[in-house]
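Here the structure comes first, spelled out in structure tokens, and everything after it is commentary.
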């Protein structure tokens with residue numbers, strides 16, 4: 013159990029009535045806020061959760077993400093395999109948002125393999141071109 017320092021005249025959590033709340037607009041203590049968010053998150057659909065994550069990470073809405081995916085014929089922009097924006101679709105790999113790590117510019121939607129490959133190549137066109145030369149038998 014966590015012990016809390018009760019400051020005279022501090023407000024207590026409106027949910028549990030035991031713990032002090034931090035200054036600000038919240039009326040719940042930290043523990044009750046976390047419990048509320050866990051419960052709320054559990055009730056959300058995958059699309060809602062993914063939409064929130066996309067918005068926080070890339071500034072994308074679920075609809076704009078879906079539109080980009082559809083504009084690419086629901087395929088990876090690099091290898092052209094079918095990709096899915098829904099996690100539980102076993103017939104496809106899950107779509108990844110490819111973006112420039114320096115500028116944040118979103119380049120497209122990729123499969124996990126192509127997205128990881130670009131990351132392993134450090135987003136470096138020179139390394140990627142050297143890899144093509146190597147694969148064609150050009151040696152080192």
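In my numbering, the protein residues as written are 13 to 152.
All C-beta atoms, glycine included, are put in the ideal place defined by N, C-alpha and C.
Quick caveat, the model's predicted, so the values are computed rather than measured.
Check residue i in the structure and name its three-state DSSP category.
i, result
"residue 118", "strand"
"residue 97", "coil"
"residue 24", "strand"
"residue 87", "strand"
Would you list the one or two residues that DSSP bridges to residue i?
i, result
"residue 108", "122"
"residue 51", "Beta-bridge pairing links residue 51 to no other residue."
"residue 69", "Residue 69 is not bridged to any residue."
Would residue i and residue j be called neighbours here (beta carbons separated by less than 7 Å)?
i, j, result
"residue 46", "residue 33", "no"
"residue 89", "residue 116", "no"
"residue 127", "residue 112", "no"
"residue 26", "residue 39", "yes"
"residue 48", "residue 99", "no"
"residue 133", "residue 139", "yes"
"residue 135", "residue 122", "no"
On a Cα-Cα basis, can you pick out the residue from the options that is closest to residue i?
i, options, result
"residue 114", "131, 63, 79 and 124", "131"
"residue 125", "64, 28, 87 and 145", "87"
"residue 106", "142, 62, 143 and 44", "62"
At a Cβ threshold of 7 Å, is residue i touching chain C?
i, result
"residue 87", "Among the chains of the structure shown, chain C does not appear; only one protein chain is present."
Cβ contact check for the region 88-96 and the region 59-77: 3 or more pairs under 8 Å: no
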